[in-house]
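Visitor: From first to last, the protein sequence lines stand for chains A and B.
Each residue of the first sequence is one higher than the one before, counting from 128 in our numbering.
Each residue of the second sequence is one higher than the one before, counting from 128 in our numbering.
Each residue gets a CB set at the ideal place from its N, CA and C atoms; glycine is no exception.
Number of protein chains: 2
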Amino acid sequence: MSPSTDSLSLTFAALADPTRRAILARLADGPATVKELSAPFDISGPAVTKHLRVLERARLIARGREAQWRPCQLEAAPLKDVAEWTERYRRYWEDRLNRLDEYLKTLQARSERPGHHEEKHDGHRRRTKK
Amino acid sequence: MSPSTDSLSLTFAALADPTRRAILARLADGPATVKELSAPFDISGPAVTKHLRVLERARLIARGREAQWRPCQLEAAPLKDVAEWTERYRRYWEDRLNRLDEYLKTLQARSERPGHHEEKHDGHRRRTKK
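1) State the beta-bridge partners of residue 188 (chain A) as determined by DSSP.
2) Per DSSP, what kind of secondary structure is residue 143 (chain A) in: helix, strand or coil?
3) Assess contact between the stretch 165–173 of chain B and the stretch 182–200 of chain B, defined as three or more Cβ pairs (one per stretch) separated by less than 8 Å. Is contact present?
4) Quick check: the stretch 194–206 of chain A against the stretch 215–223 of chain A, are there 3 or more CB pairs under 8 Å?
5) If you reduce the DSSP assignment to three classes, tell me which class residue 155 (chain A) lands in.
6) By how many angstroms is the C-alpha of residue 136 (chain A) removed from the C-alpha of residue 147 (chain B)?
7) What is the residue span of the alpha helix (DSSP H) that residue 235 (chain B) lies within?
8) My guess is that residue 209 (chain A) and residue 213 (chain B) are in contact by the Cβ rule of under 8 Å, so how many angstroms apart are they, rounded?
9) If you measure between the beta carbons of residue 141 (chain A) and residue 206 (chain A), is that distance less than 7 Å?
10) Report the three-state DSSP secondary structure of residue 246 (chain A) (helix, strand or coil).
11) Do residue 134 (chain A) and residue 144 (chain B) count as a contact pair if the criterion is CB distance below 7 Å?
12) What residues in the stretch 199–218 of chain B bring their beta carbon closer than 9 Å to a beta carbon of chain A?
13) Show which residues of chain A have a CB atom less than 9 Å away from the CB atom of residue 173 (chain B).
14) Determine the direct distance from the alpha carbon of residue 229 (chain B) to that of residue 235 (chain B), and round the result to whole angstroms.
15) Within 7 Å (strictly less), CB to CB, does residue 144 (chain B) reach chain A?
16) Give the DSSP-derived three-state secondary structure of residue 165 (chain B) in the structure shown.
17) Please return the same chain residues whose Cβ sits closer than 7 Å to the Cβ of residue 153 (chain A), not counting the five positions on each side in sequence.
18) To the nearest angstrom, how far is it from the Cα of residue 195 (chain A) to the Cα of residue 155 (chain A)?
19) Can you check whether the C-beta of residue 168 (chain A) is within less than 7 Å of a C-beta belonging to chain B?
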């Protein structure tokens with residue numbers, strides 16, 4: 128399974144690394160040089176350059192033309208495609224969370240009123256009349 | 128740069144392949160066996176099994192316990208993390224699209240009314256009176 132080169136796959140692959148995601152988060156505050164981007168990470172300049180190349184190939188960043196200074200800037204357009212792809216699955220994770228939530232509520236209701244499992248159909252009224 | 132193993136990185140890496148995304152799309156319709164999942168793709172059963180292992184490791188799918196039949200089903204919870212991570216960048220791609228949109232409108236306005244660049248302030252009325 129060699130890496131896929133369609134644009135959405137390139138974007139997802141570029142995002143599959145915490146350092147690259149941290150670089151994008153930094154660039155969200157404004158353009159930065161390789162030196163500025165390297166500072167917060169415990170990795171070499173060449174390692175940062177490698178990460179930048181992956182981000183650039185996925186068009187998540189653009190770099191200036193100046194040979195010496197080449198500032199990087201965020202290009203968020205590919206993230207729109209990620210958001211749109213992911214959005215199609217929203218109802219699946221929401222359904223799952225809703226079911227989990229209902230289940231937890233059932234468990235809680237049972238533990239708060241032990242022996243009152245069947246009280247839905249006016250069982251509660253009958254019992255208080257006793 | 129060895130692959131990162133934090134859960135968001137695992138999710139992004141699993142999504143960086145069109146076949147794996149197609150498998151998730153199929154599973155959104157309901158559980159399926161490996162044989163059913165292999166059918167639409169021009170790849171071998173073992174290749175599909177490899178893809179399923181990547182998806183399973185990222186907790187994007189779960190597999191049944193039956194040794195023979197082991198149906199796969201979608202687990203969308205990790206996609207919620209993807210959506211939340213991506214959402215933080217929404218204003219960046221929207222800003223960019225808005226700027227592009229304004230620029231295109233300016234270009235269009237110029238090409239539709241050559242020589243009438245300054246007509247914003249009741250310039251139109253003046254023209255129809257001519």
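Guide: This is what the structure holds:
1) Locating residue 188 (chain A) in the first sequence gives position 61, where the first residue counts as 1. Per DSSP, A:201.
2) Taking the first residue of the first sequence as position 1, residue 143 (chain A) is located at position 16. Annotated three-state conformation of residue 143 (chain A) is coil, per DSSP.
3) Judged by Cβ distances under 8 Å, the stretch 165–173 of chain B makes no contact with the stretch 182–200 of chain B, as fewer than three pairs qualify.
4) Verdict: no, contact absent.
5) Locating residue 155 (chain A) in the first sequence gives position 28, where the first residue counts as 1. Residue state, collapsed to three classes: coil.
6) What you label residue 147 (chain B) is simply residue 20 of the second sequence in a count that begins at 1. What you label residue 136 (chain A) is simply residue 9 of the first sequence in a count that begins at 1. Residue 147 (chain B) and residue 136 (chain A): Cα-Cα distance of roughly 10 Å.
7) Position 108 of the second sequence, counted from the start, is the residue given in the question as residue 235 (chain B). Segment 217–239, the alpha helix (DSSP H) holding residue 235 (chain B).
8) As a first step, residue 209 (chain A) is located in the first sequence; it is residue number 82 there, counting from the start. As a first step, residue 213 (chain B) is located in the second sequence; it is residue number 86 there, counting from the start. With a Cβ gap of about 5 Å, residue 209 (chain A) and residue 213 (chain B) count as contacting.
9) Here residue 141 (chain A) refers to the residue found at position 14 when the first sequence is read from its first residue. Here residue 206 (chain A) refers to the residue found at position 79 when the first sequence is read from its first residue. Taking the C-beta atoms as reference points, residue 206 (chain A) is found no nearer than 7 Å to residue 141 (chain A).
10) As a first step, residue 246 (chain A) must be located in the first sequence, where it is residue number 119. Confidence at residue 246 (chain A) is low in this model, with a pLDDT of 47, below 50, so the placement of that residue should be treated as unreliable; the coordinate-derived value is given next. Coil at residue 246 (chain A), not helix or strand.
11) On the second sequence, position 17 is the one that residue 144 (chain B) refers to. On the first sequence, position 7 is the one that residue 134 (chain A) refers to. With respect to residue 134 (chain A), residue 144 (chain B) sits apart: the two C-beta atoms are not nearer than 7 Å.
12) Taking 9 Å as the Cβ-Cβ cut-off against chain A, the residues of the stretch 199–218 of chain B that qualify are 201, 202, 203, 204, 205, 206, 207, 209, 210, 212, 213, 214, 215, 216, 217 and 218.
13) Locating residue 173 (chain B) in the second sequence gives position 46, counting from the first residue. In chain order: nothing, as chain A lies at least about 11 Å away.
14) Translated into the one-based positions of the second sequence, residue 235 (chain B) becomes position 108. Translated into the one-based positions of the second sequence, residue 229 (chain B) becomes position 102. When rounded, the distance between both Cα atoms is 10 Å.
15) Locating residue 144 (chain B) in the second sequence gives position 17, counting from the first residue. Cβ-Cβ to chain A under 7 Å: yes for residue 144 (chain B).
16) Start at 1 with the first residue of the second sequence, and residue 165 (chain B) comes out as number 38. Helix at residue 165 (chain B).
17) Translated into the one-based positions of the first sequence, residue 153 (chain A) becomes position 26. Result list for residue 153 (chain A): 159 and 164, in chain order.
18) If you number the first sequence from 1, residue 195 (chain A) lands on position 68. If you number the first sequence from 1, residue 155 (chain A) lands on position 28. A straight line joining the alpha-carbon of residue 195 (chain A) with that of residue 155 (chain A) spans about 22 Å.
19) Position 41 of the first sequence, counting from 1, holds the residue named residue 168 (chain A). So, not an interface residue.
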